[in-house]
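What follows is a single structure, written as structure tokens, with notes after it.
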Amino acid sequence: MFQYVIKRLISTVPVLLGISLLLFVMLRMLPGDPAQVLAGQMATPEEVEVIRHQLGLDRPIHVQYALFLARLAHLDLGRSARTQNPVIQEIWARLPNTVLLAVLAISLACLFGIPAGIVAAVRPNSWIDYLVTSSALVGISMPVFWLGLMLVVVFSVLLQWLPAGGTGSWKHVVLPSLTLASFVVAFIARMTRSSMLEVLSQDYVTTARAKGLKELWVITKHALKNALIPIITVVGLQFGMLLGGAVLTETVFAWPGLGRLIVDSILARDYPMIQGTILVFGLLYILVNLVVDLIYAVVDPRIRYE
Amino acid sequence: MKGIRGRTKGFILCIAAVLALGLTCQARLATADIKELRIGIGIDADTLNPQEQTTSLFFNMCELIYDTLFYETPEGKMEPHLATGYEVSKDGLTWTIRLRKGVKFSDGTPFDAHVMKLTFDRALDPKRRVPLRFAINMVKECIVVDDYTIQLKLKFPFAPLLGALAMSLVSPISPAAIEKYGDDVRQHPVGAGPYKLAEWVKGDRIVLVRNDNYWGPKPTVERLVFKIVPETATREAMLRAGQIDICYKPSPANVKALKADPKITVEMPLDTRTIFMGMNCQKGPTKNKLVRQAFNYAVDKKAIVKKILFDTAQPMDGPVSPLLFGYARMDHQYDYNPKKAKELLKKANFDFSRTIHMRTPNGRYLFDRQVSETVQAYLQAIGVKVELRTYDWPTYIAGLLKPLDQTELELFLLGWGPLFLDADMALYGQFTCEVNPPKGLGSSFYCNPEYDAIMKQSRLELDREKRRQLLIKASKIIWEDCPWIWLHVEKFVIAYSSKIKGLVVTPTEKFYPTYVTME
């Protein structure tokens, strides 16, 4: 097991290198460059050239990439083209916000999504099943942006209970995490329902019931545990996505997370910043996947890693 | 008679005394400290080094931190701030500027002529990132005359220089801070303005506190919190909910609703920025002047302003914003007249089977894409085939800067906002041959030696009135030649709590909360 983890961790290196190379080339194929954006509309070509030189963009692309790798070897992601602050520092300033929001959203989603899915599966085609499936449908189809704004109007403007945006207190995190969770909860509820339905029709569940076990016991111990694998997969994937930042939610609620950072950086062609953030996203995603794989083994003892 | 007079006199005196008492009370109320003012803005600053700025919002913030040599009032008058006066030599090549004595930076470092020299040296250093250097590029060098006098030696006479001296582009940074932080001074600004930086949480807020060393009257507001709220709808909601006091640039679509709210004041002075649909004057169908004029008649600019922009703009009636020195309303107006447009196109032997390519940025200017779509529809209405493409800003600007032999530009939407109230920046910066791409963003490729000669002459002309006449003369030529479909002049919209009184809002998209009072 320990060896497996080490092996997986080592294998992240070529993956990240691949990502970085692809990104490096693709970014520079895009029209426009950070120097032009930084210089603004009124600058003369000479001023743009000065900035281009300062950013090292006037060097051949393979030299730029080599320099990037050399820095990366020292865990240095370079400096942002826009702010000239170390990329690591800029990411570090926002990462806790993103992680906080992602953890809260995924916890809320599991807390409501899994029980809802179970209940819906236990009573298929009942009113409660319809309620769960239809609200899940609404949750998935509702634009996050719109939901966020509606929450702002109701809880912030009309009731004045919660702040509309920003950070600072636990109150600030309520609306954005609810908004994010609404989307994820729907996914989880649907996945739980279908997975549970499948398991509940298995022979061993019938056997458990025939043994005279209590229904609650049958559902939680025998059915749920076996239905968990696909649910964990979905939760893991969604969590990985949330760690990549939730641009729309962050924008609506003025939440300073990684999502907005990456979008702003792309719009300004801030190459070092984009490279840095994408690499961090990649790393987080790989780690989440690894953890998910390890949880599989805990939940299902038949799964073993050598 | 006399007695009555005496009594009247007494009565008047009495009233005067009461009034005076009332006034002093009010005055005392007015100067009472305001603890905090929260301002919702859309973007975070990249840098707080004034020389590195490109956007008016952060020039604005830099002025609060650094102050400026001169201050341009909303009416366009120049008031002395860090400078106390200036003289220009007869040949226009030497500007002598007297500096204010007793000024200290917020870190206690004294301000003097040597600091100003350092400031100019840095601003003119070709190795430094100074995007708007062109505004002061005619300065050859800065000379220290005595501790409180500097002289600017110019390469050539440049009458509009005073406007540039009112920008924070040449605001002094504390030399001690430059020494301590080097280039990182952009993250640790220290200036001589009414405020100083207290906290900067990236992507979240910038907090300024009153600078106790400030030379001028003590600011009434103790703390200014700039909250970064990218979504306009959220900004407006926060204003309504009282979570911010000032909302920078709310959405035009909601201006009416905000105005209807008695708790909110909306100001929208006319801006210096003009929005236009540029036309390539040297390539393609718009090479023909008649076609360009026809397109101007084909578009109903009044309708665009009213229906798309909710009156947060005003149709152009001259080639520059009415606020600029050198503006004149043109006698002839291109009022909406599709019939005349069609006639002109016929006269120009216009090829109706050819598709014209139009490009637009998306989200750079107020409803830019929607405005372009409307122009497209108006042109299609007179039988012109137009294809519209939308780009993100970096891609867009890269396309605008290609030289003539590579350019694919035919019709393109762009905005141009002079940073001080002088038509030079607009007329020179867009229409002279020397700003044709790739050297500048005069992407209409308008190049007319006669026009250039007038503009060059205007820069040498030190007599204000004569210079104004030259600018108007140039305006008339350009208005007739139509390198643009003249669309509209934007308004700068700012909404704030009605409790705030005395907020200074300028046409250069700036606002000064320094001396506001609260009811």
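If you're matching them up, the sequences are chains S and A in order.
Going by the working numbering, the first residue of the first sequence is number 941, and it counts up by one from there.
Going by the working numbering, the first residue of the second sequence is number 432, and it counts up by one from there.
Quick reminder that beta carbons are idealized off the backbone N, C-alpha and C, glycines included.
Bear in mind that the values here come from a model prediction, so they are computed numbers and not experimental data.
**Request:** Give me the Cα-Cα distance between isoleucine 1226 of chain S and tyrosine 1070 of chain S, rounded to the nearest whole angstrom.
**Result:** 36 Å
**Asked** methionine 669 of chain A CB to nearest chain S CB: under 7 Å?
**Response** yes
**Prompt:** Can a CB atom of chain A be found closer than 7 Å to the CB of threonine 1217 of chain S?
**Reply:** no
**Request:** Could you name each continuous beta strand (DSSP E) segment of 3 residues or more that falls completely within the stretch 662-741 of chain A, going from the start of the chain to the end?
**Result:** For the stretch 662-741 of chain A, the continuous beta strand (DSSP E) assignments of 3+ residues that do not extend past its boundaries occur at 677-679, 695-698, 701-710, in sequence order.
**Touching by the beta-carbon criterion (3+ pairs, under 8 Å), the stretch 948-955 of chain S and the stretch 993-1000 of chain S** = no
**Message:** With a threshold of 7 Å between beta-carbons, can phenylalanine 565 of chain A be considered close to chain S, or not?
**Reply:** So yes, phenylalanine 565 of chain A belongs to the interface.
**Request:** Grab me the residues of valine 751 of chain A's own chain with a C-beta within less than 6 Å of its C-beta, minus the 5 sequence neighbours each way, in chain order.
**Result:** Tyr758, Ala854, Ala857
**alanine 668 of chain A vs valine 1094 of chain S beta-carbon contact at 7 Å** = no
**Message:** Please tell me whether proline 825 of chain A has its Cβ less than 7 Å away from any Cβ of chain S.
**Reply:** yes
**Prompt:** Fully enclosed by the stretch 800-850 of chain A, which beta strand (DSSP E) runs are 3 residues long or longer?
**Reply:** Within the stretch 800-850 of chain A, the complete beta strand (DSSP E) runs of at least 3 residues are 816-822, 842-847.
**Asked** Looking at C-alpha atoms only, which residue of A:Gly814, A:Ile659, A:Gly848 is the closest neighbour of phenylalanine 923 of chain A?
**Response** A:Gly848
**Prompt:** In this structure, what does DSSP give as the bridge partners for valine 519 of chain A?
**Reply:** A:Trp526
**Message:** Using a Cβ-Cβ cutoff of 7 Å, what residues of the stretch 868-895 of chain A are near chain S? List them in chain order.
**Reply:** Pro869, Lys870, Gly871, Leu872
**Item:** DSSP beta-bridge partners of cysteine 1050 of chain S
**Value:** Residue pairing by DSSP places cysteine 1050 of chain S opposite no residue, since no beta bridge is assigned to it.
**Request:** Using alpha carbons as the reference points, say which of A:Gly814, A:Gln582, A:Leu852, A:Ile931 lies closest to isoleucine 677 of chain A.
**Result:** Ranking the options by Cα distance to isoleucine 677 of chain A, first place goes to A:Ile931.
**Request:** Could you check if alanine 734 of chain A is buried or exposed, using at least 16 other CB atoms within 10 Å of its CB as the buried criterion?
**Result:** exposed
**Prompt:** Which residue or residues does DSSP assign as beta-bridge partners of serine 415 of chain A?
**Reply:** With chain A covering only 432 through 950, there is no way to say anything about residue 415 of chain A.
**Asked** So, does the CB of valine 1113 of chain S fall closer than 7 Å to a CB anywhere in chain A?
**Response** no
**Asked** For chain S, is any of its Cβ atoms less than 7 Å away from the one on glycine 453 of chain A?
**Response** Summary for glycine 453 of chain A: the model assigns pLDDT 44, below 50, so the residue's position carries little reliability; its value from the coordinates is reported in the next sentence. No - not a single Cβ of chain S is within 7 Å of the one on glycine 453 of chain A.
**Request:** Confirm, please, whether the CB-CB distance from alanine 779 of chain A to isoleucine 813 of chain A is below 7 Å.
**Result:** no
**Asked** With 7 Å set as the bound, which would you pick, yes or no: does the beta-carbon of glycine 932 of chain S sit closer than that to a beta-carbon of chain A?
**Response** Here chain S covers residues 941 to 1246 and nothing more, so residue 932 of chain S does not appear.
**Request:** Pick helix, strand or coil for alanine 744 of chain A, following the three-state DSSP scheme.
**Result:** Secondary structure of alanine 744 of chain A (DSSP, three-state): strand.
**Message:** If distances are taken between C-alpha atoms only, which option among A:Tyr679, A:Phe551, A:Lys816 comes closest to alanine 566 of chain A?
**Reply:** A:Phe551
**Prompt:** To the nearest angstrom, how far is it from the Cα of glycine 1053 of chain S to the Cα of valine 1203 of chain S?
**Reply:** 30 Å
**Asked** Residues of chain A with CB under 8 Å from leucine 1087 of chain S, in chain order?
**Response** Near leucine 1087 of chain S there are no residues of chain A at all, since even the closest Cβ is about 13 Å away, more than 8 Å.
**Cβ of serine 1096 of chain S within 7 Å of any chain A Cβ** = yes
**Message:** Buried or exposed, going by whether 16 or more other CB atoms sit within 10 Å of the CB of threonine 703 of chain A?
**Reply:** Buried, because 16 or more other Cβ atoms sit within 10 Å of the Cβ of threonine 703 of chain A.
**Request:** State the beta-bridge partners of proline 1026 of chain S as determined by DSSP.
**Result:** S:Arg1019
**Request:** Tell whether a beta-carbon distance below 7 Å holds between glutamine 981 of chain S and leucine 872 of chain A.
**Result:** The answer is yes: Cβ separation under 7 Å.
**Item:** Beta carbon of alanine 979 of chain S nearer than 7 Å to that of glutamate 987 of chain S
**Value:** yes
**Asked** If you draw a straight line from the C-alpha of tyrosine 626 of chain A to the C-alpha of asparagine 491 of chain A, how long is it?
**Response** 12 Å
**Asked** Which of the three DSSP states, helix, strand or coil, is assigned to leucine 460 of chain A?
**Response** Bear in mind that a pLDDT of 45 at leucine 460 of chain A, under 50, signals an unreliable position, so the model cannot answer this.
**Asked** Which chain S residues sit within Cβ distance under 7 Å of valine 561 of chain A?
**Response** Glu987
**Asked** Nearest CA to the CA of serine 1141 of chain S: which residue from S:Ala1013, S:Ala1061, S:Gly1106?
**Response** Nearest Cα to serine 1141 of chain S within the set S:Ala1013, S:Ala1061, S:Gly1106: S:Ala1061.
**Request:** Check each residue of the stretch 757-777 of chain A: if its Cβ is closer than 8 Å to any Cβ of chain S, include it; give the result in chain order.
**Result:** none
**Request:** Count the other CB atoms, across all protein chains shown, that sit within 10 Å of the CB of glutamate 483 of chain A; report buried if there are 16 or more and exposed otherwise.
**Result:** buried
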